[in-house]
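Peer 1: With the sequence shown counted from 1, adding 83 to any position gets you my numbering. Think of the CB as a built atom: it goes at the ideal place given N, C-alpha and C, for glycine as much as any other residue. The model shown is predicted, which means the values in this text are computed figures rather than measured ones. Pasting in a structure now, in structure tokens, and then I'll have a few things to ask.
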Amino acid sequence: MGKLYLRSFGCQMNEYDSAKIAGVLASADGLKTCARPEEADVIVFNTCSVREKAQEKVFADLGRVKHLKRANPRLMIAVGGCVASQEGAAIVERAPYVDVVFGPQTLHRLPALLERRRATGRPQVDISFPEIEKFDRLPAARAAGPAAFVSIMEGCSKYCSFCVVPYTRGEEVSRPFDDVIAEIAALAGQGAKEVTLLGQNVNAWRGDIDGEPADFAELLRYVAEVDGIGRIRYTTSHPREFTQRLIDAHADLESLAPHVHLPVQSGSDRVLAAMKRGYSALEYRSIARRLRKARADLSLSSDFIVGFPGETEADFEATLALAREVGFDASFSFLYSRRPGTPAAEFADDTPRATKLERLRRLQAQLESQARAVSERMVGSVERVLVEGRSRKDPRGLAGRTGNNRVVNFGGPAALLGELANVRISAALAHSLRGEPVDEK
Ligand code: SAM
Ligand code: F3S
Numbered sequence: 084m085g086k087l088y089l090r091s092f093g094c095q096m097n098e099y100d101s102a103k104i105a106g107v108l109a110s111a112d113g114l115k116t117c118a119r120p121e122e123a124d125v126i127v128f129n130t131c132s133v134r135e136k137a138q139e140k141v142f143a144d145l146g147r148v149k150h151l152k153r154a155n156p157r158l159m160i161a162v163g164g165c166v167a168s169q170e171g172a173a174i175v176e177r178a179p180y181v182d183v184v185f186g187p188q189t190l191h192r193l194p195a196l197l198e199r200r201r202a203t204g205r206p207q208v209d210i211s212f213p214e215i216e217k218f219d220r221l222p223a224a225r226a227a228g229p230a231a232f233v234s235i236m237e238g239c240s241k242y243c244s245f246c247v248v249p250y251t252r253g254e255e256v257s258r259p260f261d262d263v264i265a266e267i268a269a270l271a272g273q274g275a276k277e278v279t280l281l282g283q284n285v286n287a288w289r290g291d292i293d294g295e296p297a298d299f300a301e302l303l304r305y306v307a308e309v310d311g312i313g314r315i316r317y318t319t320s321h322p323r324e325f326t327q328r329l330i331d332a333h334a335d336l337e338s339l340a341p342h343v344h345l346p347v348q349s350g351s352d353r354v355l356a357a358m359k360r361g362y363s364a365l366e367y368r369s370i371a372r373r374l375r376k377a378r379a380d381l382s383l384s385s386d387f388i389v390g391f392p393g394e395t396e397a398d399f400e401a402t403l404a405l406a407r408e409v410g411f412d413a414s415f416s417f418l419y420s421r422r423p424g425t426p427a428a429e430f431a432d433d434t435p436r437a438t439k440l441e442r443l444r445r446l447q448a449q450l451e452s453q454a455r456a457v458s459e460r461m462v463g464s465v466e467r468v469l470v471e472g473r474s475r476k477d478p479r480g481l482a483g484r485t486g487n488n489r490v491v492n493f494g495g496p497a498a499l500l501g502e503l504a505n506v507r508i509s510a511a512l513a514h515s516l517r518g519e520p521v522d523e524k
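As structure tokens, then:
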């Protein structure tokens, strides 16, 4: 029995891929995961290149495990994810002790790549995009708890001027309708109560349902019909394809969580155009307004980029104003990071770093106080909570997540584990809520 040490960086897609990497290596080679690289026979880094000096970080990480090959000459080191996809064979040139380089779309080939490496003695590199083949070659999905993740599409065709994802993960490809529904039904059969539909742009999903072309809004209606699935989430969606049909689904489908993560990036039309986002601040506001009309208790969260090339103080103020007006809940904000190979990397950028950092600090302070206000408003309300396990602080207590994705700790019977329960919120703390279960009647 060999051991696998796997480290995952970056987004939820990568986390999902990492679970699949562990799955293929367990079923093909019987590898069991371990907590320390020193114990491993195979080391995998599933890398991210969306921000910062990700490349450099990967080489630093590799440098730290290189020496382990002396103690265990059979040790294999593999690099996957978006840095692998971007750098390819350059990784092996710079770090010749790396055995396999694979991309987000070739992770199912990892056992074969490792085997070929052992047989030939030569490093193997496969960062191709063989469309949706990946899903057909993965072991059947297994529910690890009441909350399950299902990838419904891969890649991105939006080409925002700052982003590497279309280059590292390829163009948008949807998974067939029947496969998606069969996987969700199988997960529900194993006890999953909540499913999160995953993709870089889930609302770009297109499929064929009974011979008719179908969109994401329609897919949601079918997912809501799957027996046992009490709550549906999806991430990430894009404002450009946020149709009225999708907004209507939020009014009609009770199991759709009252939470949408919809990245806006900036509140300035000038910056949005330079980012090639394909919508204006007004269009974004309109989506938010119609969503709230469809579902009054809806929580909206977002991604922001601060310090995009050419962003002025006025542009930034427009972002602060939009964030306030839309009333965003807990959100992510990032300092713009120049990504070689993207169009924005060539844009003139003369804003001092200190100014950018100061803007980021202001935006984060505002977003945090907005999120705190949402938590405080929840005190006294009854929330639908998916009970995911025991409370971390009190092993006799239970912990779950509200529709708007907050952790709630509460006392209650073990019978609630793995179920959706009604919980009255009694207190809002900095990073969680406290509550008590409400009689289901
Ligand atoms: N599909 C999503 C959308 O609709 O925008 C975004 C996926 S991207 C992997 C996640 C987030 O990373 C983006 O929303 C953006 O805020 C951030 N991001 C992407 N490229 C970036 C860059 N070059 N610098 C800073 N942040 C970046
Ligand atoms: Fe990146 Fe824009 Fe796609 S942020 S993932 S190119 S929607």
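So for V521, helix, strand or coil by DSSP?
Peer 2: As a first step, residue 521 is located in the sequence shown; it is residue number 438 there, counting from the start. In this structure, V521 counts as coil in the three-state DSSP scheme.
Peer 1: From which residue to which residue does the beta strand (DSSP E) around Y180 run?
Peer 2: Taking the first residue of the sequence shown as 1, we reach residue 180 at position 97. Segment: none, Y180 is in no beta strand (DSSP E) and carries neither H nor E.
Peer 1: Compute the minimum distance between the beta carbon of S101 and the heavy atoms of the ligand SAM, and state whether it is under 8 Å.
Peer 2: Position 18 of the sequence shown holds residue 101. Result no, Cβ not under 8 Å from the ligand SAM.
Peer 1: Taking the alpha carbon of A482 as the reference point, which residue from M461, E519 and V457 has its own alpha carbon closest?
Peer 2: As a first step, residue 482 must be located in the sequence shown, where it is residue number 399. Nearest of M461, E519 and V457 to A482, Cα basis: E519.
Peer 1: Sorted by chain position, which residues of the same chain lie with C-beta nearer than 6 Å to Y317's C-beta, five sequence neighbours on each side aside?
Peer 2: As a first step, residue 317 is located in the sequence shown; it is residue number 234 there, counting from the start. For Y317, where only same-chain residues beyond five positions count, the Cβ hits under 6 Å are L280 and V285.
Peer 1: Does the ligand F3S have a heavy atom nearer than 8 Å to the CB of Y305?
Peer 2: Here the question's residue 305 lines up with position 222 in the sequence shown. Result no, Cβ not under 8 Å from the ligand F3S.
Peer 1: Is A514 near the ligand SAM, going by C-beta to nearest heavy atom under 8 Å?
Peer 2: Locating residue 514 in the sequence shown gives position 431, counting from the first residue. Note that residue 514 is His in the sequence shown, not Ala. Because no heavy atom of the ligand SAM lies under 8 Å away, the Cβ of H514 does not count as near it: no.
Peer 1: Among the candidates V409, A231 and A154, whose CA atom is the shortest distance from the CA of L450?
Peer 2: For the purposes of this step, residue 450 is taken as residue 367 along the sequence shown, with counting starting at 1. Looking at the Cα atoms, V409 is the closest of the given residues.
Peer 1: Any chance you could list the beta strand (DSSP E) runs of at least 3 consecutive residues sitting entirely within the stretch 150-177, in chain order?
Peer 2: Correct list: 159-163.
Peer 1: Would the beta-carbon of Q283 be found less than 8 Å away from any heavy atom of the ligand F3S?
Peer 2: Residue mapping note: residue 283 aligns to position 200 of the sequence shown, counting from 1. Yes, the ligand F3S has a heavy atom inside 8 Å of this Cβ.
Peer 1: Could you check what DSSP says for G238 in three-state terms: helix, strand or coil?
Peer 2: Walking along the sequence shown from the start, residue 238 turns up at place 155. Of the three classes helix, strand and coil, the one that applies to G238 here is coil, per DSSP.
Peer 1: Would you mind reading off the limits of the alpha helix (DSSP H) that contains V306?
Peer 2: Working through the sequence shown from its first residue, we reach residue 306 at position 223. Here the alpha helix (DSSP H) through V306 covers F299 to V306.
Peer 1: Just checking my contact of R421 with V247 at CB under 8 Å: how many whole Å lie between their CB atoms?
Peer 2: Walking along the sequence shown from the start, residue 421 turns up at place 338. Walking along the sequence shown from the start, residue 247 turns up at place 164. Not confirmed; about 11 Å, so no contact.
Peer 1: Please classify Q188 as buried or exposed, where buried requires at least 16 other C-beta atoms within 10 Å of its C-beta.
Peer 2: Taking the sequence shown and counting its residues from 1, the one referred to as residue 188 is at position 105. Buried.
Peer 1: Using a Cβ-based criterion (distance less than 8 Å to any ligand heavy atom), does T417 qualify as near the ligand F3S?
Peer 2: Here the question's residue 417 lines up with position 334 in the sequence shown. Thr is not the amino acid found at residue 417; the sequence shown has Phe there. No, Cβ of F417 sits at least 8 Å from all heavy atoms of the ligand F3S.
Peer 1: Taking the continuous beta strand (DSSP E) assigned at G472, which residues delimit it?
Peer 2: Your numbering for residue 472 matches position 389 in the sequence shown. Where G472 is concerned, the enclosing beta strand (DSSP E) stretches over V465 to R473.
Peer 1: When burial is assigned at 16 or more other CB atoms within 10 Å of the CB, is F415 buried or exposed?
Peer 2: In the sequence shown, the residue the question calls residue 415 occupies position 332. Exposed: under 16 other Cβ atoms inside 10 Å.
Peer 1: Check whether the stretch 369-386 touches the stretch 349-358, taking contact to mean three or more Cβ pairs, one atom from each stretch, closer than 8 Å.
Peer 2: Not touching, per the Cβ criterion.
Peer 1: Compute every distance between the C-beta of I370 and the non-hydrogen atoms of the ligand COA, then say whether any falls below 8 Å.
Peer 2: As for the ligand COA, it is missing from this structure, which binds only the ligand SAM and the ligand F3S.
Peer 1: Looking at the unbroken beta strand (DSSP E) that takes in K86, where does it start and where does it end?
Peer 2: Working through the sequence shown from its first residue, we reach residue 86 at position 3. Counting along the chain, the beta strand (DSSP E) containing K86 begins and ends at K86 to S91.
Peer 1: Cα separation between H344 and L383?
Peer 2: Sequence index remark: in the sequence shown, residue 344 carries index 261 (1-based). Sequence index remark: in the sequence shown, residue 383 carries index 300 (1-based). Roughly 6 Å separates the two Cα atoms.
Peer 1: Taking all protein chains shown into account, do 16 or more other C-beta atoms lie within 10 angstroms of the C-beta of G253, making it buried, or fewer, making it exposed?
Peer 2: For the purposes of this step, residue 253 is taken as the residue at position 170 of the sequence shown. Buried: at least 16 other Cβ atoms inside 10 Å.
Peer 1: Beta carbon of V166: closer than 8 Å to some heavy atom of the ligand F3S?
Peer 2: Locating residue 166 in the sequence shown gives position 83, where the first residue counts as 1. No - the ligand F3S has no heavy atom lying nearer than 8 Å to the Cβ of V166.
Peer 1: DSSP three-state call for I104: helix, strand or coil?
Peer 2: Counting from one through the sequence shown, the residue named residue 104 turns up at place 21. Residue state, collapsed to three classes: helix.
Peer 1: Looking at the ligand F3S, does it come within less than 8 Å of C246, judged from the CB to the closest heavy atom?
Peer 2: Taking the first residue of the sequence shown as 1, we reach residue 246 at position 163. Yes, the Cβ of C246 comes within 8 Å of a heavy atom of the ligand F3S.
Peer 1: Under a three-way DSSP split, which group does L500 fall into?
Peer 2: Translated into the one-based positions of the sequence shown, residue 500 becomes position 417. Reduced to three states, the DSSP call for L500 is coil.
Peer 1: Span of the alpha helix (DSSP H) holding V343?
Peer 2: As a first step, residue 343 must be located in the sequence shown, where it is residue number 260. No alpha helix (DSSP H) contains V343, which is instead part of the beta strand (DSSP E) from H342 to H344.
Peer 1: Is any non-hydrogen atom of the ligand F3S found closer than 8 Å to the C-beta of H150, if you look at the structure I gave you?
Peer 2: Indexing the sequence shown from 1 puts residue 150 at position 67. For the ligand F3S, not one heavy atom lies less than 8 Å from the Cβ of H150.
Peer 1: Please report how far the alpha carbon of A448 lies from the alpha carbon of N488, in whole angstroms.
Peer 2: One-based indexing of the sequence shown puts residue 448 at position 365. One-based indexing of the sequence shown puts residue 488 at position 405. About 20 Å.
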